[in-house]
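Q: Below are the structure tokens for one structure; questions will follow.
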Amino acid sequence: MAVAASPGLGKRKDPPPETWPTGADGDGRWICFVRHAQALHNVYDENLWTPDNPLTEDGRAQCESAREEWGGKLFAGAELVVSSPMTRALQTADLISGSRGDLNWMVTPMCSEKLSGATCDEGRKKSEVVEELPWMASWNGVAELDDEWWKDDRPPEEERVIAFLDFLEKREEKRIVVVSHGAFLEYIVGYHLHNAHHHLMPVTEFRGIRQRLSRSTFNLGTCMVREYEETPLHDLLKAPLTCFKGIGKRKASLLSSLGVQTVEQLARWKYAKWAESICLLAPEEKEGGRDVSHTARRININKALDKEWEGWAMSFLLEAPPSAFEGLSEKHNPTFKALGISNIQDFGQWNVFKWARALAGTLSEVESLDGQS
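Just so you know, UniProt numbering puts 1 at position 1 of the sequence shown, and the rest follows in order with no gaps.
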């Protein structure tokens, strides 16, 4: 595959992908970053929720092709091969190398996958993996690896990536292969590598990567699933609600039964807007006062409420079920309950609606579609 220049860095001539480059770049120090081959969770959705998935048969075939095309020469010329402790990375490293036991091997959790919330990014006990893959038992770093290493506290991902680059830069070896994962490596190479593909990079580029990762940038990483983190705001309006973290297929189906399927529809949902407004204004009520809700030209929100709730103080409405709204009935309450919404207060404070409203009603209006100022 062609080697792409890292974003934000100066362009350089792409080195031959099947051999180690020579020349002044990096004072001869190069890193070959490799993403693992196809694993079960890359094909089957149900395996997103099984830990430490192995390679598929197609994944093994990808490794064989990679070994013939570029991996055999690159691994043979490497002075160090570093692998994530996850089974798919270990298998990829072994197969692309041709199961060479004479290489300088190392295992470290420093380059394990970013924890996305899906179980597939979690490991298995070291003892289980060593029993299954006995050929890696003698590799450097295995003895020091905690049995349940993935449960250790982690710094923010940018800090973890920078620490790994520091580790590589301090090594004496001039040609290092790193076998890791798509989301983790994207922080380094600047794009999402395909399964069993590689990217060659001189160590001199590490400085620019550190600067990029140390700078806060506009993103929606904590509320959007990875696939949608950099999607234009205008496109997000038409996106399915599964783009939000915490809204899986089941909750999206529940919302669809209520007539809401996209981000824009959620942002415009009258019931959520009514609930938010009641939550905002309820603290501004004063106690007492007479009911004028059925008096002409007096304050009321009768068109939003079922008749039995008309005239109630907003402080009382906060505890009312969603069926208090005109157009909803008691049969809808269990659906809202399954979404984590028991009453109007829950509804009005629902983060997913607030995210959608902020995107559709405010920020999308100031987005530059061509990226210009």
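Glycine included, each C-beta is placed from N, C-alpha and C at the ideal position.
Quick caveat: nothing in here was measured; it's all calculated off a predicted structure.
Using the Cβ count rule (16 or more neighbours within 10 Å means buried), how would you classify A24?
A: The residue you call residue 24 lines up with position 24 of the sequence shown. Confidence is the limiting factor: at A24 the pLDDT is only 48, short of 50, which leaves the residue's position unreliable and the question unanswerable from this model.
Q: What's the C-alpha gap between L103 and M136?
A: Along the sequence shown, read from residue 1 onward, the residue named residue 103 stands at position 103. Along the sequence shown, read from residue 1 onward, the residue named residue 136 stands at position 136. Computed Cα separation, rounded: 12 Å.
Q: Within a Cβ cutoff of 8 Å, which residues of the same chain sit near S65, ignoring the five residues on either side of it in sequence?
A: Residue mapping note: residue 65 aligns to position 65 of the sequence shown, counting from 1. These residues qualify, in order along the chain: A196.
Q: Quick one: what's L305 bridged to in DSSP?
A: Numbered from 1 along the sequence shown, position 305 holds the residue referred to as residue 305. F325.
Q: Using 7 Å as the threshold, is the C-beta distance between L339 and E326 below it?
A: Along the sequence shown, read from residue 1 onward, the residue named residue 339 stands at position 339. Along the sequence shown, read from residue 1 onward, the residue named residue 326 stands at position 326. Not in contact: L339 and E326 (Cβ atoms no closer than 7 Å).
Q: Report the three-state DSSP secondary structure of L200 (helix, strand or coil).
A: Your numbering for residue 200 matches position 200 in the sequence shown. L200 falls in the strand class under three-state DSSP.
Q: State the start and end residues of the unbroken beta strand (DSSP E) segment that holds V34.
A: Within the sequence shown, residue 34 is the residue found at index 34, counting from 1. Run containing V34: 30–35, per the beta strand (DSSP E) assignment.
Q: Classify G59 as buried or exposed, calling it buried when 16 or more other Cβ atoms lie within 10 Å of its own Cβ.
A: Translated into the one-based positions of the sequence shown, residue 59 becomes position 59. Buried, since its Cβ has 16 or more Cβ neighbours within 10 Å.
Q: What's the call for R29, buried or exposed, on a 16-neighbour Cβ count within 10 Å?
A: The sequence position of residue 29 within the sequence shown is 29, counting from 1. Result: buried.
Q: Can you tell me which of L95, D291, D52 puts its alpha carbon nearest to the alpha carbon of W70?
A: Locating residue 70 in the sequence shown gives position 70, counting from the first residue. It is L95 whose Cα lies nearest to the Cα of W70.
Q: Helix, strand or coil for N333 per DSSP?
A: Looking up residue 333 in the sequence shown gives position 333. Helix.
Q: In the structure shown, what three-state DSSP assignment does I176 receive?
A: Taking the first residue of the sequence shown as 1, we reach residue 176 at position 176. Strand, per DSSP.
Q: Can you give me the C-alpha to C-alpha distance between M224 and H294, rounded to a whole angstrom?
A: For the purposes of this step, residue 224 is identified with residue 224 of the sequence shown, where counting begins at 1. For the purposes of this step, residue 294 is identified with residue 294 of the sequence shown, where counting begins at 1. Answer to the nearest angstrom: the Cα atoms are 44 Å apart.
Q: Would E285 and A313 qualify as a contact pair, given that the criterion is a beta-carbon distance under 7 Å?
A: Numbered from its first residue, the sequence shown carries residue 285 at position 285. Numbered from its first residue, the sequence shown carries residue 313 at position 313. Yes.
Q: Could you pull the DSSP bridge partners for N104 from this structure?
A: Position 104 of the sequence shown holds residue 104. Beta-bridge pairing links N104 to no other residue.
Q: What separation, rounded to the nearest whole angstrom, lies between the Cα atoms of F244 and P321?
A: Here the question's residue 244 lines up with position 244 in the sequence shown. Here the question's residue 321 lines up with position 321 in the sequence shown. Cα to Cα, the separation comes out at about 24 Å.
Q: What is the residue span of the beta strand (DSSP E) that L359 lies within?
A: For the purposes of this step, residue 359 is taken as residue 359 along the sequence shown, with counting starting at 1. Taken as a continuous stretch (DSSP letters only), L359 belongs to no beta strand (DSSP E), being part of the alpha helix (DSSP H) at 351–361.
Q: Just to confirm before moving on: does the CB-CB distance between residue 375 and A267 stay below 7 Å?
A: The structure shown does not extend to residue 375, since the chain is modelled only from 1 to 373, so the question has no answer here.
Q: Please classify W49: is it buried, with 16 or more other beta-carbons within 10 angstroms of its beta-carbon, or exposed?
A: Here residue 49 refers to the residue found at position 49 when the sequence shown is read from its first residue. W49 should be labelled exposed.
Q: Mind pulling the alpha helix (DSSP H) runs of 4 or more residues that sit fully within the stretch 213–265?
A: Listed in chain order, they are 233–236, 249–257.
Q: Between W269 and the rest of its own chain, which residues show a CB-CB distance below 6 Å, the 5 nearest in sequence each way excluded?
A: Locating residue 269 in the sequence shown gives position 269, counting from the first residue. Once the five neighbours on either side are set aside, the close Cβ partners of W269 are V260.
Q: Put S84 into one of helix, strand or coil per three-state DSSP.
A: Numbered from its first residue, the sequence shown carries residue 84 at position 84. Coil.
Q: Which residue comes first and which comes last in the alpha helix (DSSP H) that contains M314?
A: Taking the sequence shown and counting its residues from 1, the one referred to as residue 314 is at position 314. 314–317 is the extent of the alpha helix (DSSP H) around M314.
Q: Between L233 and R35, is the Cβ-Cβ spacing less than 7 Å?
A: Here residue 233 refers to the residue found at position 233 when the sequence shown is read from its first residue. Here residue 35 refers to the residue found at position 35 when the sequence shown is read from its first residue. No, Cβ-Cβ distance for L233 and R35 is not below 7 Å.
Q: Once you ignore the five residues that flank L115 on each side, which residues in its own chain have a CB closer than 6 Å to its CB?
A: For the purposes of this step, residue 115 is taken as residue 115 along the sequence shown, with counting starting at 1. So the qualifying residues of the chain are D121.
Q: Our contact map puts residue 379 next to E157 with C-beta atoms below 8 Å; I'd like the distance itself, whole angstroms only.
A: With the chain covering only 1 through 373, there is no way to say anything about residue 379.
Q: CA-CA distance, E172 and S127?
A: Taking the sequence shown and counting its residues from 1, one reaches residue 172 at position 172. Taking the sequence shown and counting its residues from 1, one reaches residue 127 at position 127. Approximately 30 Å, taken between the alpha carbons.
Q: Given G26, which residues of its chain have a CB within under 7 Å of its CB, disregarding the five upstream and five downstream residues?
A: Position 26 of the sequence shown, counted from the start, is the residue given in the question as residue 26. Residue placement at G26 cannot be trusted, given a pLDDT of 49 that sits under 50; the coordinates are not used to answer.
Q: If I follow the unbroken alpha helix (DSSP H) through S277, where does it start and stop?
A: Residue mapping note: residue 277 aligns to position 277 of the sequence shown, counting from 1. It spans 270–281 - the alpha helix (DSSP H) in which S277 sits, taken as one unbroken run.
Q: So, using beta-carbon positions, are L139 and P109 closer together than 7 Å?
A: As a working mapping, residue 139 is identified with position 139 in the sequence shown. As a working mapping, residue 109 is identified with position 109 in the sequence shown. In the sequence on display, residue 139 carries Trp and not Leu. Result no, Cβ atoms of W139 and P109 do not sit closer than 7 Å.
Q: Taking the alpha-carbon of R124 as reference, which of G98, V82, N53, L193 has the nearest alpha-carbon?
A: Residue mapping note: residue 124 aligns to position 124 of the sequence shown, counting from 1. The shortest C-alpha separation from R124 is found at N53.
Q: When you compare only the Cα positions, how much space is there between E367 and F353?
A: Taking the sequence shown and counting its residues from 1, one reaches residue 367 at position 367. Taking the sequence shown and counting its residues from 1, one reaches residue 353 at position 353. For E367 and F353, the distance between alpha carbons rounds to 20 Å.
Q: For A37 and S99, what's the separation of their Cα atoms in angstroms?
A: Translated into the one-based positions of the sequence shown, residue 37 becomes position 37. Translated into the one-based positions of the sequence shown, residue 99 becomes position 99. Using only the alpha carbons, I get a separation of about 15 Å.
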